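In our numbering, the protein residues as written are 3 to 179. Step one of this worksheet: look at the structure below.
What follows is the structure, encoded as structure tokens:
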């Protein structure tokens with residue numbers, strides 16, 4: 003209704019604000035009605051404040067959880083599997099999982115995959131995944147692990163220390179030479 007009224011400019015801005023406040027008031031009143039049975043109608047003002055704080059604290063926590071989720075990045079000694087586990091822990095409060103379990107709708111794996119690709123310090127890994135049309139979570143994890151193992155192997159080969167020879171016979175010093 004609010005969209006139709008504002009789209010057709012039927013009411014003025016102050017009237018629209020009043021309608022929005024009334025709608026918010028109605029939502030708040032229905033919330034209070036739901037809380038009162040839980041407060042046993044003998045609840046105090048402090049009980050009501052605590053119940054409302056508990057409800058609205060969740061809103062702040064899920065925003066904070068999403069910020070923390072998006073800040074996660076690969077630490078120097080961390081594997082991609084450990085990073086993905088860390089991301090999965092931070093999604094518990096971020097509402098990426100649909101509360102209705104019958105839908106089986108989850109954005110967790112897709113969001114973890116996207117954040118891993120975006121925040122990866124390995125440009126080869128990013129390029130490999132961006133070349134795929136729609137990489138799955140498992141493909142991203144597999145490619146990440148292969149890239150890390152390959153880069154570590156290359157580093158070992160390139161930084162190989164020279165082999166020290168002990169007790170080598172010099173051909174000039176041999177009695178036959």
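Using N, Cα and C, we set each Cβ at its ideal position, and we do this for glycine too. Please read all numbers here as calculations on a predicted model, not as lab measurements.
Rounded distance between the beta-carbons of residue j and residue i, thought under 8 Å
i: residue 86; j: residue 132; result: About 18 Å separates the two Cβ atoms, so there is no contact after all.
i: residue 111; j: residue 71; result: So it is not a contact: roughly 13 Å between Cβ atoms.
Residue i versus the options, residue with shortest Cα-Cα distance
i: residue 74; options: 83, 48, 88; result: 88
i: residue 79; options: 173, 109, 150; result: 150
i: residue 146; options: 162, 119, 51; result: 119
i: residue 152; options: 126, 69, 50; result: 126
i: residue 137; options: 124, 155, 115; result: 115
i: residue 77; options: 65, 56, 57, 124; result: 124
Three-state secondary structure (DSSP) of residue i
i: residue 180; result: Nothing in the structure corresponds to residue 180, since the chain is present only between 3 and 179.
i: residue 162; result: coil
i: residue 81; result: coil
i: residue 9; result: Reliability fails at residue 9, whose pLDDT of 46 lies under 50, so the model's placement of it is uncertain and the value that follows must be treated cautiously. Looking at residue 9 - three-state DSSP - the assignment turns out to be helix.
i: residue 123; result: coil
i: residue 194; result: There is no way to answer for residue 194, as the model of the chain reaches only from 3 to 179.
i: residue 36; result: helix
i: residue 137; result: coil
i: residue 111; result: helix
i: residue 49; result: helix
i: residue 143; result: helix
i: residue 76; result: coil
i: residue 172; result: coil
Residues near residue i in its chain [Cβ-Cβ closer than 7 Å; skip 5 each side]
i: residue 128; result: 119, 122
i: residue 65; result: none
Own chain residues within Cβ distance below 8 Å of residue i, not counting five before or after
i: residue 134; result: 141
i: residue 117; result: 71, 72, 74, 89
Distance cut-off 6 Å: residue i Cβ against heavy atoms of the ligand PLP
i: residue 132; result: Questions concerning the ligand PLP fall outside what the structure shown contains, since it holds no ligand whatsoever.
Contacts around residue i, its chain only, beta-carbon distance under 6 Å, and the 5 residues preceding and following it disregarded
i: residue 130; result: 145
i: residue 47; result: none
i: residue 81; result: none
i: residue 84; result: none
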